[in-house]
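Read the structure below first, then the notes.
Protein chains: 2
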Amino acid sequence: MKFLSHRISWIEPSPLAKVLGRISELSKAGFKVISLAAGDPDPDVVPRKILAEISSYVIENIPGSVLYTPTTGVEDLRIELSKFIKEYDGYEAYPENIIITSGSTAALDLLIRILIDPGDIVVVENPSYVVSLYAFKQLGANLVGVDVYSDGIDTYTLEDKIRRLKNEGKKIKLIYTIPTGQNPSGATMSIDKRRHLLEIASKYDLLIIEDMAYNYVVLEGSSPPTIKSFDREDRVIPIGTLSKIMGTGFRVGWVVATDLIKKYVVSEKQPIDYCAPAISQYIAIEFLRRDVHKISIERSREVYRVKRDVMIRSIEEKIREAEFSKPVAGMFLMLRLPNVDGTLFAENLMEKYKVAVLPGKPFYTDDKGRDMIRLNFSRPSIDDIKEAVDKIGVLYRELKS
Amino acid sequence: MKFLSHRISWIEPSPLAKVLGRISELSKAGFKVISLAAGDPDPDVVPRKILAEISSYVIENIPGSVLYTPTTGVEDLRIELSKFIKEYDGYEAYPENIIITSGSTAALDLLIRILIDPGDIVVVENPSYVVSLYAFKQLGANLVGVDVYSDGIDTYTLEDKIRRLKNEGKKIKLIYTIPTGQNPSGATMSIDKRRHLLEIASKYDLLIIEDMAYNYVVLEGSSPPTIKSFDREDRVIPIGTLSKIMGTGFRVGWVVATDLIKKYVVSEKQPIDYCAPAISQYIAIEFLRRDVHKISIERSREVYRVKRDVMIRSIEEKIREAEFSKPVAGMFLMLRLPNVDGTLFAENLMEKYKVAVLPGKPFYTDDKGRDMIRLNFSRPSIDDIKEAVDKIGVLYRELKS
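Line by line, the protein sequences are chains A and B.
Last residue of the first sequence: 473 in this note's numbering, with the numbers rising by one and none dropped.
Last residue of the second sequence: 473 in this note's numbering, with the numbers rising by one and none dropped.
See below:
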């Protein structure tokens, strides 16, 4: 169409968007779809009764809950988050350096809009969160992936790659990492690797964006210290969200920024959505003030651990050929189905068995994910997990026979 | 800072953002600030008790209200909006062509991201909504303003300007208009001008973005037909919002787009915020289904008409030198204070008298707004309107003496 901007570069919609759209269509048509697709919490683990009471209280008693908020967000929320961050993420975030965004999706997007020039190299974990990769690509960044193991990326390979790229005169801007409960691999980076990553960033003068989305969904042991907690050079820019413990539907995320970054992020944010939803911000204030987050974090840990274990046992019973590593945090498990095309597999599984999963390939910067699918274990019920894995097994055997 | 993108062009924050930030600071410091600044509804006109009940119902009973939604929005909301649009805006919007956005702010922003190339000319009303102007500028558009009268822009001048620019070989992309209850002038475009504007767009092959934010806040008479209702060429792209009747704090807006525009808008939207807040979308469904919007529209009309009249009477009594035209729709009145610098005036009014208004200048593409301030009459109470106008009068006399 002649009116379209020349800036537009068409990028295939993220598989998440396609799958969520298809789930919506199939549900509307009367099918029961079991979704292992999105990174949603279990809507019965989220303390919905309390949130319902809070939302009603907030709308009735706080006029501001139905009005615009400052672009940086409601001050009381920034104050509560400052305390929350100190307790859970172990670093100091002053309320005036927190910008409330529409989920951590918006936090990343706003941030990289002011950092990335087309052609800049961004180092990402391989695999990494598909919507984040999409955001980088849309700005014209060149992605360089470093393989993830169960204790995080290989930092020595990372340094090798960076050194080589620098020697070639390439411009590397930043490293994007989800160190805890990594999406989609489920990996959690070891403390040594966290320190090493920061050293490398310092040595080669790179920024790190630390995506803390899964920091409050640690299923075993205690949360490792954040990379930000070691940072003395303002080199790490943290983004976070209450999505995984309060609900993805509220769209409450944040970025913690220096004054300069904040100035530009706010400038970008104004025309994009003016402010994050007031209703969600005021609910979040009470969610934190009344310590509802503690209930939610505790419940998530217990329930998701059980669900993960059910998923793993089901896989071990039903799909012996499958390969995966056991996540100690987060909501996902990457499943390798040897000799199967993961993209076709996910499509068939949806159309034939009404089970939604994401193909592994779009999460990778190379071809390694071609025989993989990503499974979410937090949202589906235990029975649905069993049924879904059962059907994955059935389809796998159909395709292999 | 060396990490910043070269793409960044620093644009002075919109005065709305600055003023809302300052209100927040002053309130925190214990001052009572009367705000005539933002385009917020009266939080007591918005049926908050019913919304409180709805929100509680929704969170408790609809698991999806705390989860991600499809990027295009919840289907049931698109169905309800399709009916609402047909009734109130008089055109056919199929649910599959509606994209739910985070307020109409996001609707405009997403749309122009896929339409505007740097250097493109965008024709706007002079004055026009400052955040929209800001969004255009940020994408590198060149704004050409056409003066607004109480019955809308002068379409003959508009055609002259377009003809001249075309003759000079300039690339004009679109016309952006807020035909009803225009922000900030309060003007409502006559039916003849609406038809003429569409003819001109057709003749010179331009798009029209019709911003319908104030269509449901018509204070006198009936709503004029929308420009879109005359459109047979898919030339008009409508954007709308429930903000003014349900609350700006929910961030529920929409754009109605052809399949092609939709494809690109959705592609832009994904990395920006993934989806509009689910909680707000589900509340909006019930707001429309239960006919709460009818209550709100009726109440807004009655209350805002009274408030407008109080404001006008107060101005006539207290500031005889002031000039303005009486709005028949919308939430704003532009006040000319002869021989005063509106920007300094607004600053002094805030700091000395704790009354927040916006300077007129940033709403203009030229210097015409230099002695103007924009007043909102929907949000403040009647007593606050009187007090605020009184203080505007006092400061005006101080400055003139």
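Note that beta-carbon positions come from the ideal geometry of N, C-alpha and C, so glycine has one too.
Check, Outcome
"How many angstroms separate the CA atom of Ser368 of chain B from the CA atom of Ile122 of chain A?", "28 Å"
"Can you give the Cα-Cα distance for Gly314 of chain A and Ser294 of chain A, rounded to whole angstroms?", "Reading off the sequence, residue 314 of chain A comes out as Leu, not Gly. Their Cα atoms are separated by approximately 19 Å."
"On the DSSP bridge assignment, give the partners of Leu215 of chain B in chain order.", "B:Val194"
"Going by DSSP, what residues sit across from Ile445 of chain A in a beta bridge?", "A:Leu407 and A:Pro431"
"In the DSSP assignment, what are the bridge partners of Leu246 of chain A?", "A:Val194 and A:Leu279"
"Counting only the same chain and skipping the five closest in sequence on each side, list residues whose C-beta sits under 6 Å from that of Val382 of chain A.", "Ile454 and Ile457"
"Run through chain A and tell me which residues come within less than 7 Å of Lys100 of chain B, C-beta to C-beta.", "Glu147"
"By a C-beta neighbour count over all protein chains shown, 10 Å radius and 16 as the cutoff for buried, is Glu147 of chain B buried or exposed?", "buried"
"Could you check the C-alpha separation between Val289 of chain A and Asp116 of chain A for me, to the nearest Å?", "15 Å"
"Examine chain B for any beta-carbon lying closer than 8 Å to the beta-carbon of Gln210 of chain A, and answer yes or no.", "yes"
"Which residue wins for smallest C-alpha separation from Val378 of chain B, given the options B:Val364, B:His365, B:Arg392 and B:Ala401?", "B:Ala401"
"Would the beta-carbon of Pro474 of chain B fall within 8 Å of that of Pro142 of chain B?", "The structure shown does not extend to residue 474 of chain B, since chain B is modelled only from 73 to 473, so the question has no answer here."
"Quick one: using the 10 Å Cβ neighbour count with 16 as the cut-off for buried, is Lys104 of chain A buried or exposed?", "exposed"
"For Ile311 of chain B versus Leu183 of chain B, is the C-beta distance shorter than 8 Å?", "yes"
"Considering just the uninterrupted stretch of the beta strand (DSSP E) at Gly325 of chain A, what are its terminal residues?", "Gly325 to Val328"
"Counting only the same chain and skipping the five closest in sequence on each side, list residues whose C-beta sits under 6 Å from that of Val461 of chain B.", "Ser386, Ile387 and Lys390"
"Determine the DSSP secondary structure at Thr227 of chain A, reduced to helix, strand or coil.", "helix"
"Looking at the unbroken beta strand (DSSP E) that takes in Ile311 of chain A, where does it start and where does it end?", "Val308 to Thr313"
"Pairing CB atoms from the region 276–288 of chain A with CB atoms from the region 296–309 of chain A, are three or more of them under 8 Å?", "yes"
"Please classify Tyr228 of chain A as buried or exposed, where buried requires at least 16 other C-beta atoms within 10 Å of its C-beta.", "exposed"
"Between which two residues does the alpha helix (DSSP H) harbouring Thr177 of chain B extend?", "Gly175 to Leu187"
"If you draw a straight line from the alpha carbon of Ile131 of chain B to that of Ser257 of chain B, how long is it in whole angstroms?", "39 Å"
"With burial defined as no fewer than 16 other Cβ atoms inside 10 Å of the residue's Cβ, what is the status of Ser176 of chain A: buried or exposed?", "buried"
"With 7 Å as the C-beta to C-beta threshold (strictly closer), list the residues of the region 297–331 of chain B near chain A in chain order.", "Gly319, Thr320, Gly321, Phe322 and Arg323"
"Output needed in chain order: residues of the region 97–122 of chain A with a Cβ under 7 Å from some Cβ in chain B.", "Lys100, Ala110, Asp112, Pro115, Val118, Arg120 and Lys121"
"Name the chain B residues that come within less than 8 Å of Glu426 of chain A, Cβ to Cβ?", "In the sequence under discussion, the amino acid at residue 426 of chain A is Lys, which differs from the Glu named in the question. Near Lys426 of chain A there are no residues of chain B at all, since even the closest Cβ is about 17 Å away, more than 8 Å."
"Among A:Tyr354, A:Lys155 and A:Leu76, whose alpha-carbon lies nearest the alpha-carbon of Ile134 of chain A?", "A:Tyr354"
"Taking the alpha carbon of Gln342 of chain B as the reference point, which residue from A:Leu180, A:Ser127 and A:Ile126 has its own alpha carbon closest?", "A:Leu180"
"Chain A partners of Val138 of chain B, CB-CB under 9 Å?", "Asp112, Pro113, Pro115, Val118, Arg120, Leu123, Met318, Gly319, Thr320, Gly321 and Phe322"
"Going along the region 187–221 of chain A in order, which residues come within less than 7 Å of chain B, judged by CB to CB distance?", "Leu187, Ile188, Asp189, Val203, Tyr206, Ala207 and Gln210"
"Could you work out which residues of chain A lie near His78 of chain B, taking near to mean beta carbons separated by less than 9 Å?", "Asp189"
"Could one say the Cβ of Tyr561 of chain A lies closer than 8 Å to chain B's Cβ atoms, at least one of them?", "There is simply no residue 561 of chain A to check, as chain A begins at 73 and stops at 473 in what is shown."
"Given a cut-off of 8 Å, decide if Tyr276 of chain B and Ser52 of chain B are closer than it, judged by their beta-carbon atoms.", "Outside the displayed range of chain B (73 to 473) lies residue 52 of chain B, so it cannot be described from this structure."
"Between Met444 of chain A and Glu197 of chain A, what straight-line distance do the alpha-carbon atoms span, to the nearest angstrom?", "16 Å"
"Relative to the C-alpha of Tyr140 of chain A, which candidate in A:Ile351, A:Ile186, A:Lys463 and A:His365 has its C-alpha closest?", "A:Ile351"
"Report buried or exposed for Asp363 of chain A, applying the criterion of at least 16 other Cβ atoms within 10 angstroms of its Cβ.", "exposed"
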